[in-house]
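A short write-up of the structure that comes next.
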Amino acid sequence: MNDPIVDELRAQISALDREVLDAFNRRLELVARLKRHKDEHGLAFLDPDRERSMLEELRAANGGPLSDEGVAVLLAALLDLTKREV
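Here the numbering used here is used: position 7 in the sequence shown is 11, and no number is missing along the way.
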């Protein structure tokens, strides 16, 4: 039995998943450009201070329902995947 509400919510979730994927791919492209620039200029790719400030900014910008811990986990996963892909 098809439930139209379930179908609609799933369609919205799938659309958001595609938006997240597109945004992450754009992020990877930008990070790759940043890495090339840093490599060309002898700069360290990893910047722990920047990662800390990113977490602070994201926690401040988060309107929920994701918890502060959830924001930290999400950012850690994004950074880990980015480092592996770039």
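Note that the Cβ used here is the ideal one computed from N, Cα and C, for glycine as well.
Per-residue DSSP class, three states only, for residue i
i	result
VAL90	coil
MET58	helix
ASP53	helix
GLY74	helix
LEU79	helix
LEU85	helix
ALA65	helix
Bounding residues of the alpha helix (DSSP H) (the contiguous stretch that carries residue i)
i	result
HIS41	8 to 44
Beta-carbon spacing of residue i, residue j below 7 Å
i	j	result
GLU39	VAL90	Per the sequence shown, the amino acid found at residue 39 is Lys instead of Glu. In contact: LYS39 and VAL90 (Cβ atoms closer than 7 Å).
LEU62	LEU50	no
THR86	VAL35	yes
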